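Enquirer: Below is one structure. I have some questions about it.
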Amino acid sequence: MKESYSTTTVYHSIDEIRARKALLQKDIKTDEEKIDEKRHSLFKKPQALSKTATPSQRIVSMVNSGAGVLDGLLLVWKLYRKFKK
(Lines of atoms letter the chains of each structure in order from A and count residues from 1; the text may use other names and numbers.)
(Lines give C-alpha, C1' and ligand atoms only; values in the text may rest on other atoms or scores of the structure.)
Protein backbone atom coordinates (compact mmCIF):
# COMPACT_ATOMS: atom_id res chain seq x y z
CA MET A 1 0.00 0.00 0.00
CA LYS A 2 1.31 3.44 -0.89
CA GLU A 3 1.76 5.79 2.03
CA SER A 4 1.49 9.53 1.83
CA TYR A 5 4.17 11.51 3.62
CA SER A 6 2.86 14.96 2.90
CA THR A 7 2.57 17.18 5.91
CA THR A 8 0.12 19.98 6.22
CA THR A 9 0.53 22.93 8.51
CA VAL A 10 -2.52 24.45 10.11
CA TYR A 11 -2.44 28.22 10.30
CA HIS A 12 -4.68 30.09 12.70
CA SER A 13 -4.09 33.64 11.54
CA ILE A 14 -2.93 35.65 8.56
CA ASP A 15 0.13 36.72 10.55
CA GLU A 16 1.30 33.11 10.78
CA ILE A 17 0.94 32.79 7.02
CA ARG A 18 2.89 36.00 6.45
CA ALA A 19 5.66 34.87 8.81
CA ARG A 20 5.91 31.51 7.03
CA LYS A 21 5.98 33.25 3.64
CA ALA A 22 8.77 35.57 4.78
CA LEU A 23 10.76 32.60 6.08
CA LEU A 24 10.33 30.72 2.81
CA GLN A 25 11.33 33.76 0.76
CA LYS A 26 14.48 34.13 2.88
CA ASP A 27 15.32 30.43 2.32
CA ILE A 28 14.73 30.78 -1.42
CA LYS A 29 17.00 33.83 -1.58
CA THR A 30 19.85 32.04 0.22
CA ASP A 31 19.45 29.01 -2.06
CA GLU A 32 19.55 31.25 -5.15
CA GLU A 33 22.76 32.87 -3.87
CA LYS A 34 24.35 29.46 -3.35
CA ILE A 35 23.32 28.35 -6.84
CA ASP A 36 24.71 31.53 -8.40
CA GLU A 37 28.00 31.08 -6.54
CA LYS A 38 28.36 27.50 -7.76
CA ARG A 39 27.38 28.45 -11.32
CA HIS A 40 29.98 31.22 -11.43
CA SER A 41 32.65 28.88 -10.06
CA LEU A 42 32.03 26.53 -13.00
CA PHE A 43 33.10 29.16 -15.51
CA LYS A 44 35.91 30.68 -13.47
CA LYS A 45 39.29 30.74 -15.15
CA PRO A 46 41.51 27.96 -13.73
CA GLN A 47 44.27 29.15 -11.43
CA ALA A 48 46.86 27.34 -13.58
CA LEU A 49 46.12 29.74 -16.45
CA SER A 50 46.60 32.90 -14.41
CA LYS A 51 49.70 35.05 -14.66
CA THR A 52 50.72 34.23 -11.10
CA ALA A 53 50.72 30.46 -11.68
CA THR A 54 53.99 28.66 -11.27
CA PRO A 55 55.46 26.69 -14.18
CA SER A 56 54.82 23.43 -12.35
CA GLN A 57 51.10 24.29 -12.03
CA ARG A 58 50.94 24.97 -15.76
CA ILE A 59 52.67 21.69 -16.58
CA VAL A 60 50.34 19.72 -14.30
CA SER A 61 47.35 21.42 -15.93
CA MET A 62 48.61 20.53 -19.43
CA VAL A 63 49.27 16.90 -18.41
CA ASN A 64 45.77 16.62 -16.93
CA SER A 65 44.21 18.07 -20.08
CA GLY A 66 46.29 15.77 -22.29
CA ALA A 67 45.27 12.74 -20.24
CA GLY A 68 41.61 13.71 -20.60
CA VAL A 69 41.94 14.08 -24.36
CA LEU A 70 43.75 10.74 -24.63
CA ASP A 71 41.09 9.05 -22.53
CA GLY A 72 38.37 10.48 -24.79
CA LEU A 73 40.17 9.31 -27.93
CA LEU A 74 40.56 5.79 -26.53
CA LEU A 75 36.86 5.68 -25.67
CA VAL A 76 35.90 6.78 -29.18
CA TRP A 77 38.24 4.19 -30.70
CA LYS A 78 36.80 1.38 -28.56
CA LEU A 79 33.23 2.38 -29.41
CA TYR A 80 34.10 2.60 -33.10
CA ARG A 81 35.60 -0.90 -33.07
CA LYS A 82 32.64 -2.32 -31.13
CA PHE A 83 29.91 -0.89 -33.38
CA LYS A 84 31.85 -1.24 -36.63
CA LYS A 85 30.38 -4.72 -37.24
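FYI, the numbering for the sequence shown is 51 to 135, going by my numbering.
Glycine residues also receive a C-beta, built at the ideal position from the N, C-alpha and C atoms.
Quantities reported herein were computed from a predicted structural model and do not represent experimental measurements.
(1) Does the Cβ-Cβ distance between A98 and R89 come in under 9 angstroms?
(2) In the structure shown, what three-state DSSP assignment does A103 receive?
(3) Quick one: give me the first and last residue of the alpha helix (DSSP H) that K95 is part of.
Expert: With the structure as the only source:
(1) With respect to the 9 angstroms criterion, A98 and R89 are not classified as neighbours on the basis of their beta carbons.
(2) Shown here, A103 sits in coil according to DSSP, grouped into three states, outside any helix or strand.
(3) For K95, there is no enclosing alpha helix (DSSP H), as DSSP marks it with neither H nor E.
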